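Asker:
2 protein chains.
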Amino acid sequence: MRPYKHPAASELSLERVLYALSDSIRLEIVRQLAGVEVATCGDLDGGRPKSTVSHHFKVLRESGLVRTENNGTIHMNSLRRADIDSRFPGLLTAILAQHPTD
Amino acid sequence: MRPYKHPAASELSLERVLYALSDSIRLEIVRQLAGVEVATCGDLDGGRPKSTVSHHFKVLRESGLVRTENNGTIHMNSLRRADIDSRFPGLLTAILAQHPTD
């Protein structure tokens with residue numbers, strides 16, 4: 001299985017990060033990942049169809065928020081907290097501090 | 001001319017605010033409005049076509065970030081800073097503190 005591509009920390013875009021977080025499912029995934037080291041897609045899908053969740057993980061990866069690594073047939077996801085915090089200081093903390101609204 | 005509709009502060013959604021700010025033109029408009037009391041669309045359009053800018057103002061109004069009031073034939077826009085700050089403490093400050101990236 002080919003490794004997933006992830007943007008370098010220097011390539012992260014504020015607008016893409018905000019877009020990635022502008023969906024309640026993706027925001028929930030990021031909230032969950034903020035509390036753990038790694039998680040499988042199954043841990044994070046909330047029982048939603050795989051096709052739906054795959055799309056959301058793709059958006060999260062492309063924004064630089066999430067890293068997905070293959071561990072055999074299992075995909076392990078982690079929040080790129082250090083990269084996001086270094087590029088956009090205080091941003092993720094301020095967003096995750098808000099109560100979910102949708 | 002009919003007055004524009006604006007969501008009440010209690011109806012604001014985090015996801016809609018993040019979506020509204022996920023576009024570089026809208027982010028620039030909000031940055032500019034953060035520095036002034038009110039501004040016309042012409043002050044904020046950066047020379048872009050009216051149709052493009054109208055759409056962006058609509059998204060900003062619907063998210064609750066911007067209020068547009070008719071003053072005769074002139075539309076005056078202002079940032080709903082107090083409403084946003086009260087509903088999402090620290091959010092706008094953290095986002096506007098970032099350097100534009102796109």
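As you go down the protein sequences, you meet chains A and B in turn.
At position 24 of the first sequence (counting the first as 1) the number is 24 in the UniProt record's numbering, and the numbers step up by one without a gap.
At position 82 of the second sequence (counting the first as 1) the number is 82 in the UniProt record's numbering, and the numbers step up by one without a gap.
Every residue gets a Cβ at the ideal spot worked out from N, C-alpha and C, and that includes glycine.
In this text, all values refer to a predicted model and were calculated from it rather than measured experimentally.
1) Straight-line CA distance for Pro89 of chain B to Leu92 of chain A?
2) To the nearest angstrom, report how far apart Leu79 of chain B and Thr40 of chain B are at their CA atoms.
3) From the DSSP output, in three-state form, read off Ala39 of chain A for me.
4) If Pro7 of chain A and Glu62 of chain A are in contact, beta carbons under 8 Å, what's the gap, nearest whole angstrom?
5) Do you know whose CA, among A:Ala82, A:Val59, A:Ile29, lies nearest Gly47 of chain A's CA?
6) Going by C-alpha to C-alpha distance, which of B:Arg81, B:Gln98, B:Arg87 sits closest to Gly35 of chain B?
7) Exposed or buried, His55 of chain B, counting other C-beta atoms within 10 Å across all chains shown (16 or more means buried)?
8) Once you ignore the five residues that flank His75 of chain A on each side, which residues in its own chain have a CB closer than 6 Å to its CB?
9) Return the residue from the list B:Ser22, B:Asn71, B:Ser24, B:Ser86 that minimises the CA-CA distance to Glu11 of chain B.
10) Starting from Ser78 of chain A, follow the beta strand (DSSP E) in both directions and report where the run begins and ends.
11) Measure from the C-beta of Glu28 of chain A to each C-beta in chain B and report whether the shortest distance is under 8 Å.
12) So, under 8 Å CB-CB, Ile84 of chain A and Leu21 of chain A are touching, yes? Tell me the CB distance rounded to an integer number of Å.
13) Under 8 Å, CB to CB, which of the residues in the stretch 59 to 93 of chain B have a partner in chain A?
14) I'd like to know whether the C-beta atoms of Leu33 of chain A and Val66 of chain A end up nearer to each other than 8 Å.
Answerer: Looking at the coordinates:
1) Within the second sequence, the letter at position 89 stands for residue 89 of chain B. Within the first sequence, the letter at position 92 stands for residue 92 of chain A. Computed Cα separation, rounded: 13 Å.
2) In the second sequence, the residue the question calls residue 79 of chain B occupies position 79. In the second sequence, the residue the question calls residue 40 of chain B occupies position 40. Going from the Cα of Leu79 of chain B to the Cα of Thr40 of chain B covers about 12 Å.
3) Here residue 39 of chain A corresponds to residue number 39 of the first sequence, with the count starting at 1. Correct three-state label for Ala39 of chain A: strand.
4) Taking the first sequence and counting its residues from 1, one reaches residue 7 of chain A at position 7. Taking the first sequence and counting its residues from 1, one reaches residue 62 of chain A at position 62. Going by Cβ atoms, the distance from Pro7 of chain A to Glu62 of chain A rounds to 7 Å, so yes, they are a contact pair.
5) Residue 47 of chain A sits at position 47 when you count from the first residue of the first sequence. Among A:Ala82, A:Val59, A:Ile29, the Cα nearest to that of Gly47 of chain A is on A:Ile29.
6) Position 35 of the second sequence, counted from the start, is the residue given in the question as residue 35 of chain B. Of B:Arg81, B:Gln98, B:Arg87, the residue nearest in Cα terms is B:Arg81.
7) Your numbering for residue 55 of chain B matches position 55 in the second sequence. Flag for His55 of chain B reads exposed.
8) As a first step, residue 75 of chain A must be located in the first sequence, where it is residue number 75. Cβ within range, chain order: Cys41, Thr68.
9) Translated into the one-based positions of the second sequence, residue 11 of chain B becomes position 11. Selected option, being the one with the closest Cα: B:Ser86.
10) Taking the first residue of the first sequence as position 1, residue 78 of chain A is located at position 78. Looking at the DSSP string, the run of the beta strand (DSSP E) that includes Ser78 of chain A is 74 to 79.
11) Against the first sequence, residue 28 of chain A aligns to sequence position 28. Taking Cβ atoms only, chain B never reaches closer than 8 Å to Glu28 of chain A, which makes this a no.
12) Position 84 of the first sequence, counting from 1, holds the residue named residue 84 of chain A. Position 21 of the first sequence, counting from 1, holds the residue named residue 21 of chain A. About 10 Å; that fails the 8 Å criterion.
13) Phe88, Pro89, Gly90, Leu91, Thr93
14) Reading the first sequence from its first residue, position 33 is the one you call residue 33 of chain A. Reading the first sequence from its first residue, position 66 is the one you call residue 66 of chain A. In this structure, Val66 of chain A lies closer than 8 Å to Leu33 of chain A by Cβ.
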